[in-house]
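FYI, the numbering for the sequence shown is 1 to 152, going by this note's numbering. What follows is one structure encoded as structure tokens, with my remarks underneath.
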Amino acid sequence: MKEDVKRIIIELFSELAKIHGLNKSVGAVYAILYLSDEPLTISDIMEELKISKGNVSMSLKKLEELGFVKKVWIKGERKNYYTAVDGFISMKDIAKRKYQLIKKAYEQLEELGDKDDKIKKTIKHLSRMKKISERILELFDELEKENMKNIK
């Protein structure tokens, strides 16, 4: 996989984690595991992302709690290995639902007009959120296309 595509995917999952109130490193760790063809150790993830062992450990723990990552036993190995559970579809669904909610609120406020300064400010904020959500959905579509190429 190209490094720029990999970087975009890591940024996407990092931003999604942030949107959902999680540390960006949680998304980055998930992205690395999602993109990997084989299970990875904490050291592998640390090396790939250039983040601390503590940060990787906390991210893995959170991802395990959420059901996005699982430990994998490898015969003859004493280290813990981790792999991503395919939660990609559910993450895309969550992003799509958030987009629809933002879009609906934006459209409803637009109908009310922009006479009030508070409403103007909210409309402007929702407009930015809507654009970000649209970009996130575009990136999910690009990632799906990339995955389909790899399957063939």
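We treat Cβ as the ideally placed atom computed from N, Cα and C, and that holds for glycine.
query	result
Rounded separation between residue 36 and residue 5 - CA only	13 Å
Short Cβ contact (8 Å threshold) for residue 143 with residue 19	no
Ranges of the alpha helix (DSSP H) found wholly within the region 78-151, counting only runs of at least 4	88-112, 117-151
Cβ neighbour criterion (16 or more within 10 Å) applied to residue 52	exposed
Residue range of the alpha helix (DSSP H) that includes residue 71	Premise fails: residue 71 lies in the beta strand (DSSP E), 69-72, not in any alpha helix (DSSP H).
Backbone CA spacing between residue 60 and residue 44 [nearest angstrom]	13 Å
Residue 40 - partner residues in DSSP beta bridges	82
Cβ-Cβ separation, residue 66 to residue 29 (assumed contact under 8 Å), whole Å	The Cβ separation is near 12 Å, so there is no contact.
Pairwise C-alpha distance: residue 55 and residue 119	39 Å
Coil, strand or helix - residue 55 by DSSP	helix
Rounded straight-line distance, which links the Cα of residue 130 to that of residue 107	11 Å
Residue nearest to residue 141 in terms of C-alpha spacing, selected from 70, 92, 68	92
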